[in-house]
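Accompanying notes for the structure given below.
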Amino acid sequence: MKNTLKKGEIHYLILTKGDGYLGICKEFGFVEEAKTEKELIKKLFKSSVLLLDTVQKHPHLEPSLNVRPPFRYLMLFYIAPLWGSITSIFSKFNGEMKLLTQAVYTPLTI
């Protein structure tokens, strides 16, 4: 689905990374890091709202609602869930991974 000013979807992948967390936003192309999962989710949502507010105020920036993250993070977005599934079949998967999907947005009214 192509995001527009009227509607769209935002997908996030949250992974553990060392002693912190890494979050990838597939549609908006940004990556965030934080020490706690709660802090990371807050950063991801704040970044998304900031981008949506900016695009709403400057409609010529609408193409930025469909920017992919750098290639290595985009591949991680697709490979990490697959890798977690495969490793859980053959052994215990020790990592944590969450996929927040279909966070549907509608235009903000001011």
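The sequence shown begins at -1 in the working numbering and counts up one residue at a time.
Each residue gets a CB set at the ideal place from its N, CA and C atoms; glycine is no exception.
Subject >> Where ILE110 falls, given that 16 or more other Cβ within 10 Å makes a residue buried >> reply: Lying outside -1 to 108, the shown extent of the chain, residue 110 is not represented and no answer is given.
Original post:
Applying the criterion that 16 or more other CB atoms from any shown protein chain within 10 Å of the CB defines a buried residue, is PRO105 buried or exposed?
Top reply: The residue given as residue 105 occupies position 107 in the sequence shown. The predicted position of PRO105 is uncertain, since its pLDDT is 43 and thus under 50; no value can be drawn from it.
Original post:
Would ILE22 be called buried (16 or more neighbouring beta carbons within 10 Å of its own) or exposed?
Top reply: Translated into the one-based positions of the sequence shown, residue 22 becomes position 24. By the 10 Å Cβ count, ILE22 comes out buried.
Original post:
Going by C-alpha distance, which of LYS4, PHE26 and GLU60 is nearest LYS114?
Top reply: The structure shown does not extend to residue 114, since the chain is modelled only from -1 through 108, so no value can be given for it.
Original post:
From VAL65 to HIS56, what does the alpha carbon distance come to, in whole angstroms?
Top reply: Within the sequence shown, residue 65 is the residue found at index 67, counting from 1. Within the sequence shown, residue 56 is the residue found at index 58, counting from 1. VAL65 and HIS56 have their C-alpha atoms spaced approximately 16 Å apart.
Subject >> Straight-line Cα distance separating GLN54 from LEU13 >> reply: As a working mapping, residue 13 is identified with position 15 in the sequence shown. As a working mapping, residue 54 is identified with position 56 in the sequence shown. In this structure, the straight-line span from the alpha carbon of LEU13 to that of GLN54 is close to 30 Å.
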